[in-house]
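Student: For the sequence shown, the residue numbers in the working numbering are -1 to 320. For every residue, glycine included, the Cβ atom is placed at its ideal position computed from N, Cα and C. Structure below; questions to follow.
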Amino acid sequence: MCLISIIVPVYNVEEYIEKCISSLLQQTNKNFEIIIVDDQSPDQSINLASKLLSTQNAIAYQIITSEKNGGLSAARNLGISKSNGKFLLFVDSDDWIEINTVQKLVEATSTKDSEMFFFRVRQVYGDSDRVDILKSIEPATIHGKKALSLLFKGKYPAHICKILIDKKLFSDIKFPEGKIYEDVLTLPYLLYKTNNVTFIDDILYNYYQRSGSITKSYNPKLEEVIDQLSLMDHHFSEILSSKLLTQFKRYTYLTYHVIICHTIYYSVDFEKSKAVLLKIKKALSLTTLLKITVTQPSKAIADLILLKTFSKLFYKKYKFIR
């Protein structure tokens, strides 16, 4: 059995897929398998990937086709079900990994008894020469609950692609199919189940921010994220300590704020936007907002307090921004 399964969901990325697949085939350590999940891609993405993979026999691979276009979460879940590795690495098909990524992860798993290994990420922008190194934690091995607390505090972003994950953690956890913000909605469940988490200082992944990506346009599925966050809130409210619960509320509330920002800047329907804001307002607790302000004040939390207490003033501010 291979140590690592690299799962690559593919949909409409013919412009980027060759760079992604090439970065996998160039790995210095070949102790892994590649699982390509064709999410009913209408372009030449799969043909290009298949052509590259078929020219070599050093690395095992599978090309699996979804019965229908189910989105990123469904493709990931299908890839997990077909994987043979002890650990899983998720790579988006317009991104690429460093030539030593697998080697570094193999070394980490041989020296640290952890179920999750976080590494650093380089963010590359498609419409400029700008490059950012996303923030991370100093190298260390810590308990899963501590890592969960750091996530809730905003010490590192909720990006599944920056983590090597023990497959057994997915025994009763799945990515939410048909939803967006799947990483935000899934990572807390994984961390809560985890005993040990290791943070690696190496930059092993390149995240390509395409111009015109989903993050830069309004998506009606944002409203469904509110419902998913409410479900997650109900789940964790029953099992987290009081201190960790306040941190969790901050995590969900800041996600609400992101949804508000997307709604404000990208929705063309004011009444629809107002309905989304009202839905978020109902989900907010003023007491919790004030608790968060004491420990970690921020402009985002101040905006949410304004929405909760003086909605009309918030709407006036919203109209001015538009």
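#1: Can you name the start and end residues of the alpha helix (DSSP H) that Y264 belongs to?
#2: Would you report the Cα separation of A106 and N29, rounded to the nearest angstrom?
#3: Please specify which runs of the alpha helix (DSSP H), each continuous and at least 4 residues long, are wholly inside the segment 4 to 53, giving them in chain order.
#4: In chain order, what residues of the same chain lie with their CB nearer than 6 Å to the CB of Y179, ignoring the 5 residues before and after it?
#5: Going by DSSP, what residues sit across from I198 in a beta bridge?
#6: How is P129 classed by DSSP in three states: helix, strand or coil?
#7: Okay, do the segment 83 to 97 and the segment 1 to 13 touch, 3+ Cβ pairs below 8 Å being the bar?
#8: From which residue to which residue does the beta strand (DSSP E) around I138 run?
#9: Write down every uninterrupted run of the beta strand (DSSP E) in the segment 150 to 175 whose length is 3 residues or greater and which is fully enclosed by it, in chain order.
#10: Between the Cα of S126 and the Cα atoms of Q207, K160, I57 and I95, which residue gives the shortest distance?
#11: Counting beta carbon pairs with one atom in the segment 293 to 309 and one in the segment 251 to 269, are three or more of them shorter than 8 Å?
#12: Which of the three DSSP states, helix, strand or coil, is assigned to I62?
#13: For the candidate residues I97, L76 and L146, whose alpha-carbon lies nearest to that of S20?
#14: Count the other CB atoms, across all protein chains shown, that sit within 10 Å of the CB of L220; report buried if there are 16 or more and exposed otherwise.
#15: Quick one: is K(-1) buried, meaning 16 or more other Cβ sit within 10 Å of its Cβ, or exposed?
#16: From what residue to what residue does the alpha helix (DSSP H) around R74 run?
#17: How many Å lie between L149 and E65 at the Cα?
#18: Between the segment 194 to 204 and the segment 106 to 126, do three or more beta carbon pairs fall short of 8 Å?
#19: How would you call F115, buried or exposed, if buried means at least 16 neighbouring beta carbons within 10 angstroms?
#20: Less than 8 Å between the CB atoms is what I'm expecting for I278 and K247, so what's the real figure, rounded?
Tutor: Based on what the coordinates show:
#1: Counting along the chain, the alpha helix (DSSP H) containing Y264 begins and ends at S240 to Y264.
#2: 14 Å
#3: 15 to 23 and 43 to 51
#4: V223
#5: Partner(s): none; I198 has no beta bridge.
#6: The residue asked about is misnamed: residue 129 is Val in this sequence, not Pro. Three-state DSSP puts V129 in a strand.
#7: yes
#8: Residue identity check: residue 138 is Ala in the sequence provided, not Ile. Counting along the chain, the beta strand (DSSP E) containing A138 begins and ends at A138 to H141.
#9: Runs of the beta strand (DSSP E) inside the segment 150 to 175: 161 to 164.
#10: Distance check between S126 and each of Q207, K160, I57 and I95 places Q207 closest, using alpha-carbon atoms only.
#11: yes
#12: strand
#13: Of the candidates I97, L76 and L146, the one whose C-alpha sits nearest the C-alpha of S20 is I97.
#14: Burial call: buried.
#15: Note that residue -1 corresponds to Met in the displayed sequence, not to Lys. So M(-1) counts as exposed.
#16: L70 to K80
#17: 35 Å
#18: yes
#19: buried
#20: Not a contact, Cβ separation roughly 13 Å.
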